[in-house]
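Participant:
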Amino acid sequence: MKCLIVFGLIVALFGAFVGYGYVVFTDLTKPLPKPEFKDDTYWGPGDAKDFVPDEKIYEFKLQVPQSEIDDLRKELNRTLRLTDPLDGIAFEYGFNTYALAQFVDYWRDKYLTKWDERQELFNSFKQYKTEIQGLNIHYIHEKVSEEVKETKHVYPLLLLHGWPGSVREFFDFIPMLTKHSNITDYAFEVVAPSLVGYGWSDAATRPGFNAAEMATVMRNLMLRLGHKKFFIQGGDWGSIIGSNLATLYPENVIGYHSNMCVLHSPLAILKGIYGSFYPEKYLPNRFFVDHHFPVWDKWLELLQESGYFHIQATKPDTIGAALTSSPVGLASYILEKFQTCTNPGLQQDFGAIVTVFGLETVLDNLMVYYLTNSATTAARFYLENVSKAYRDLQLDRVQSPVPMGCARFRFDLPSVTDWQLRDKFPNLTHSMYFQQGSHFAALEMPAMLFNDFTAFVAKIGLHGEVRK
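Per UniProt numbering, the very first residue in the sequence shown carries number 1; after that it's consecutive.
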């Protein structure tokens, strides 16, 4: 009898444990309702009660004083006090100092001598500034011609960059989207803003400006320009911001296309672990397994390459002070990210950046950070997005009805599978794998990104309905 009682207690305790585990699992993995979110928070200087809104739109043209270029040349002309790499080491320990010295020489002696030409390239795009929530927001705004309007379906498009990128990423991509010469039935009125705290956009003056707040500013910018519904395309932070915008303001989004499809909900993480044991079951083709699995190896790669993330998410002002006070330090820090974001076969190659992106292109992007002194304000965005206030929103667990398209480039950060992505975007409309390409898709292979994006657009109607 005692044995039966003990056995009964064990069964009861086990049942209670299983039941409790089920309740906890369900609570952690169920979708959450969309949170209430204020869409007019003031982020500018001073007190909001003294703020007088200015809704005018002002033309912007890059005009860097020659004295600033001369000062940069003097900085780059200082004797470099760099430590030699270890014997047999290329870029395994960071950006190789021999390569850095060559970049600095080229930047000083060749690139800066043709700054007028580079500045002219920046000014070849129509650019503006307008005040949103107390912040002056810089953006490229390229419209289509009347000829294009007569022959193509034209949609508004919000293009969003990330770190350590800028609007410079889109210089080859934008003409494909706007010109009559593209071979699709679609063209786009492109709005490509500098993110808040990046480039020529103001930075927030108080803590709390996270990706949800950024999404709100970007949405309000589009409303200011008269676009109540629009497409979104983004990678890196642009992908996170785009996802937040499609979640908080789905009524404004026709479709959202990402070239960095990540999701960090508890259910997505559990599915990723489970999928490691049966990888081919959840993929359209066995050749795509190494995009996602083994998940442990992917996490190890992220750990190895995310030291910058931890620094910027904890002490952004410290690293910011080092970068803003030294153009050579800024170059080393940013160029190392571009070196890493080539592909594994080129990461130790001294010519990787030139081969994949082009020397002038990466120096153009570097100049954006140098000229605007935005290394610190851009880095702060990382801290805001690991803050408790942002985590508590749990937006990865809030479903969005917006049609979503995902482009996965082989050497980008590990993406999630469609099986995981549909937990967040049940209206996943388009999914594509590429066996080449890396993190800066618009910069590295704009034609491929254009083809994928327009293939997604072709599946979507004007109001966001999926075409059968």
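Built from N, CA and C at the ideal position, the CB exists for glycine as well.
1) Which full runs of the alpha helix (DSSP H) of 4+ residues lie inside the region 204-268, going along the chain?
2) Quick one: Cα of residue 455 to Cα of residue 405, how far?
3) What does a CB cutoff of less than 7 Å around residue 452 pick up in its chain, not counting 5 residues either side in sequence?
4) Looking at residue 139 and residue 186, is the spacing between their C-beta atoms short of 9 Å?
5) Return helix, strand or coil for residue 271, following the three-state DSSP convention.
6) Identify, in the order they occur along the chain, each residue of the same chain with its Cβ nearer than 6 Å to the Cβ of residue 247, setting aside the five sequence neighbours on each side.
7) Does the region 434-452 come into contact with the region 166-180, if we say contact requires no fewer than three beta-carbon pairs (one atom in each stretch) closer than 8 Å?
8) Taking C-beta to C-beta, are residue 291 and residue 236 nearer than 9 Å?
9) Would you decide whether residue 151 is buried or exposed? Buried here means 16 or more other CB atoms lie within 10 Å of its CB.
10) Determine contact between the region 368-378 and the region 194-213, defined as no fewer than three beta-carbon pairs at a distance below 8 Å.
11) Can you tell me whether residue 468 is buried or exposed, with buried defined as 16 or more other CB within 10 angstroms of its CB?
12) Mapping DSSP to helix, strand and coil, what is residue 472?
13) Using DSSP with H/G/I as helix, E/B as strand and the rest coil, what is residue 321?
14) Assign residue 79 to buried or exposed, taking buried as 16 or more other Cβ atoms, counted over all protein chains shown, within 10 Å of its Cβ.
15) Pull up the distance between the alpha-carbon of residue 130 and that of residue 63, whole angstroms please.
16) So residue 135 and residue 201 are supposed to be a Cβ contact under 8 Å. How far apart are they, rounded?
17) Where does residue 471 sit, in a helix, a strand or coil, going by DSSP?
18) Using only the alpha-carbon positions, how far apart do residue 302 and residue 84 sit?
19) In terms of residues, what are the limits of the beta strand (DSSP E) holding residue 192?
20) For residue 137, which of 342, 222 and 211 has the nearest alpha-carbon?
21) Please state the DSSP three-state secondary structure of residue 180.
22) Work out the CA separation of residue 420 and residue 252 for me, nearest whole Å.
23) The alpha helix (DSSP H) that contains residue 148, what's its start and end?
24) What residue does the beta strand (DSSP E) around residue 405 start on, and which one ends it?
25) Starting from residue 291 and walking both ways along the beta strand (DSSP E), at which residues does that stretch end?
26) Return the chain-ordered list of same chain residues with a C-beta closer than 6 Å to the C-beta of residue 470, the five sequence neighbours on each side being excluded.
27) Are the beta-carbon atoms belonging to residue 72 and residue 104 less than 9 Å from one another?
28) Please list, in chain order, all residues of the same chain as residue 148 whose beta carbon is under 6 Å from its beta carbon, the five residues on each side excluded.
29) Would you mind sorting residue 20 into buried or exposed? The rule is 16 or more other CB atoms within 10 Å of its CB.
30) What are the start and end residues of each continuous beta strand (DSSP E) run of 3 or more residues lying completely inside the UniProt domain "Epoxide hydrolase N-terminal" (58-170), in chain order?
31) With distances taken Cα to Cα, identify the nearest neighbour of residue 192 among 125, 153 and 243.
32) Looking at the secondary structure, which residues open and close the alpha helix (DSSP H) in which residue 383 lies?
33) Mind the definition here: the region 343-352 touches the region 381-395 only if three or more C-beta pairs lie below 8 Å; say whether that holds.
34) Let me check understanding here. Comparing Cα to Cα, which of 307, 418 and 317 lies closest to residue 427?
35) Find the nearest neighbour of residue 190 within the set 250, 244, 211 and 128, judged by alpha-carbon distance.
36) Should residue 256 go down as buried or exposed, given a rule of 16 or more other Cβ atoms within 10 Å for buried?
Facilitator: Per the coordinate set shown:
1) 211-224 and 237-248
2) 9 Å
3) 407 and 432
4) no
5) helix
6) 395, 398 and 400
7) yes
8) no
9) exposed
10) yes
11) Summary for residue 468: the model assigns pLDDT 46, below 50, so the residue's position carries little reliability; its value from the coordinates is reported in the next sentence. Exposed is the call here.
12) Only positions 1 to 468 of the chain appear in the structure, and residue 472 is not among them; the question remains open.
13) helix
14) exposed
15) 18 Å
16) 7 Å
17) Nothing about residue 471 can be read from this structure; the chain reaches only from 1 to 468.
18) 27 Å
19) 186-193
20) 222
21) coil
22) 24 Å
23) 146-151
24) 404-409
25) It is not in any beta strand (DSSP E) - residue 291 carries neither H nor E in the DSSP assignment.
26) Absent from the structure is residue 470, since the part of the chain shown begins at 1 and ends at 468.
27) no
28) 180 and 187
29) Legend: pLDDT at residue 20 = 47, less than 50; position of this residue unreliable, value from coordinates given subsequently. So residue 20 counts as exposed.
30) 127-132, 135-142 and 153-160
31) 125
32) 375-384
33) no
34) 418
35) 128
36) buried
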